[in-house]
């Protein structure tokens, strides 16, 4: 608690007319989170609002997903997956198709 908060009179009002040091009469705590995991378009932990995130595609790999994805990602990034012009031979989506790692 700051010195200003300690010295403020209980009836003091803030710049928006709200009492300082007192709970608002209609104040409620945050709504508890659901027990189920949160899901989003690509991220399975935190939902994303496409409009708010400027339609950026976000990707994540959770700890539990890494073992299944590691071999796929290594194969995809392997020099053998690229031709002489640097174009990929197999896409990541082709490698993850049908895999439990595809999410």
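Numbering (the UniProt record's numbering), first residue to last: 1 to 103.
Backbone N, C-alpha and C define an ideal beta-carbon position, used for all residues, glycine too.
Predicted, not measured: the structure shown is a model, and the values here were computed from it.
Need the endpoints of the alpha helix (DSSP H) that residue i sits in, please.
{"i": "residue 72", "result": "66-77"}
{"i": "residue 96", "result": "92-96"}
For residue i, which residues does DSSP report across the bridge?
{"i": "residue 19", "result": "13"}
{"i": "residue 82", "result": "88"}
Do you know offhand how far residue i's Cα is from residue j's?
{"i": "residue 13", "j": "residue 23", "result": "12 Å"}
{"i": "residue 1", "j": "residue 27", "result": "For residue 1, the pLDDT reaches just 49, beneath the cut-off of 50, and the residue's location in the model is therefore unreliable, although a value from the coordinates is still provided. If you take the alpha carbons of residue 1 and residue 27, they lie about 21 Å apart."}
{"i": "residue 67", "j": "residue 60", "result": "14 Å"}
{"i": "residue 71", "j": "residue 30", "result": "42 Å"}
{"i": "residue 92", "j": "residue 74", "result": "10 Å"}
{"i": "residue 89", "j": "residue 97", "result": "15 Å"}
Going by C-alpha to C-alpha distance, which of the options sits closest to residue i?
{"i": "residue 69", "options": "29, 87, 21 and 95", "result": "95"}
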